[in-house]
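*Asks:*
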C-alpha cells in the first residue's frame, strides 16, 4: 500500500510540475473559455431572456465556461500518458516493482489538479460575468471543480491506456469532448432543451458538474430553482459514482498493460 501511494504521489507531482512550467499552455487553454464567455455570452445575452427578476445570461453561462475549461484541461492532460509511452518513461514504470494501478490514479489526480488550477484562474475573473463570490462559495466551487475534473480525467486516463499514438488519442477524445460540452447545459438549462435531448444530457457527467457549480453560484438567488436540475448533493453523488467506475476501469486497464 505504501508503494501504491508513493507512486501516485510521484506521478502526480511530475504532471503538475510539467503543467506549471508551461505558462503558454495555461494561457492558450484559457483563451477558448474566455472567448465563449465574452463573445457567445455577450452575443446571446439579449436573445436568451427569462422573465425572472435577477436573471442575467452572462452569469448563467459563467459556470458553464468553468465546466468547459475543466473538461478540456482534464481530458487532454491524459495525452502525457501517450508521451510517456513513446519516450520510454512509462515502460520503466511498468517494469518497476510498483502497483500498475497507481499509474492510473496518479495520472487522474495530476489531470484533476491542473484542471483545477485552470478553473481557479477563471474564478478570479468572476466580476467580468457580473458574478460576486464569497469565500465559502469559492471553497465549495474549488471542491466541485476537482470532483468534476477527476471524473473527466479518469475518462482520459482510460482512453490513453488503450491508445498507442497521439492521433488515436485525439481522435477518440475529440469525439467524446464535443458532445460532452454541448450537452453539459453550459448555454441552456435542462428544462428548455428538447425532450429527446434531455436524457442525453442526463448521461453526460459534465452536466452534473456544471449543475453543481450553478447550484453554488446561485445559492442565495431567487433564480436558482429555474436554472438548476437537481440539488448539489445529487450532482456530487452522481459525479463520484461515475468517477469510481471510470478510475476503476482505468486502473484495471493499466494492470493489464504489457
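Numbering (our numbering), first residue to last: 45 to 302.
Backbone N, C-alpha and C fix where the C-beta goes; we use that ideal spot for every residue, glycine too.
1. In terms of residue numbering, what span does the alpha helix (DSSP H) encompassing residue 248 cover?
2. Are the C-beta atoms of residue 210 and some chain D residue less than 8 Å apart?
3. Is it buried or exposed, residue 259, if we count other Cβ atoms within 10 angstroms and call 16 or more buried?
4. For a minimum of 4 consecutive residues, which ranges assigned as the alpha helix (DSSP H) are wholly contained in the stretch 209 to 294?
5. Grab the span of the alpha helix (DSSP H) containing residue 200 for me, first residue to last.
6. Have a look at residue 275 and residue 223 and give me their C-alpha separation to the nearest angstrom.
7. The alpha helix (DSSP H) that contains residue 142, what's its start and end?
8. In angstroms, rounded to a whole number, what distance separates the CA positions of residue 230 and residue 124?
9. On the three-pair Cβ rule with 8 Å, is the stretch 175 to 187 touching the stretch 120 to 134?
10. By the three-class DSSP mapping on this structure, what secondary structure does residue 169 have?
11. Roughly how many whole angstroms lie between the Cα atoms of residue 164 and residue 227?
12. Hey, residue 56 and residue 174 are a contact pair by Cβ (cut 8 Å); roughly how many whole angstroms apart?
13. If you count every other CB in all the chains shown that lies within 10 Å of the CB of residue 197, and 16 or more means buried, which is it?
14. Residue 59 and residue 191: beta carbons closer than 8 Å?
15. Between residue 80 and residue 114, which are expected to be in contact by the criterion C-beta below 8 Å, what is the C-beta distance as a whole number of angstroms?
16. Contact check, residue 146 vs residue 194 under 8 Å by CB: the rounded distance?
17. Just to confirm the assignment, what range does the alpha helix (DSSP H) spanning residue 58 have?
18. Quick check on residue 253: buried or exposed, where buried means 16 or more other Cβ atoms within 10 Å of its Cβ?
19. My output table needs one value for residue 175: the three-state DSSP class, helix, strand or coil.
20. Taking the C-alpha atoms as reference points, what is the distance between residue 270 and residue 277?
21. What is the rounded straight-line gap between the Cα of residue 263 and the Cα of residue 188?
22. Using a threshold of 8 Å, state whether the C-beta atoms of residue 143 and residue 51 are closer than that.
23. Helix or strand or just coil, what does DSSP make of residue 122?
24. For the structure I just gave you, are there three or more beta carbon pairs, one from the stretch 280 to 297 and one from the stretch 197 to 207, closer than 8 Å?
25. Helix, strand or coil, according to DSSP, for residue 298 in the structure here?
26. Alpha carbon to alpha carbon, what distance is there between residue 281 and residue 184?
*Replies:* Taking the geometry as given:
1. Where residue 248 is concerned, there is no enclosing alpha helix (DSSP H), given that its DSSP letter is neither H nor E.
2. Considering every chain present, this structure includes no chain D. It has just one protein chain.
3. buried
4. 210 to 226, 242 to 246, 249 to 261 and 268 to 271
5. Counting along the chain, the alpha helix (DSSP H) containing residue 200 begins and ends at 179 to 206.
6. 23 Å
7. First-last for residue 142: undefined, no H or E at that position.
8. 28 Å
9. no
10. coil
11. 23 Å
12. Not a contact, Cβ separation roughly 36 Å.
13. buried
14. No, these two residues do not count as a Cβ contact at 8 Å.
15. Incorrect: roughly 13 Å between the Cβ atoms, too far for contact.
16. Contact flag wrong, Cβ pair sits at about 15 Å.
17. 46 to 64
18. Counting other Cβ atoms within 10 Å of its Cβ, residue 253 reaches 16 or more and is therefore classed as buried.
19. coil
20. 17 Å
21. 14 Å
22. yes
23. coil
24. yes
25. helix
26. 15 Å
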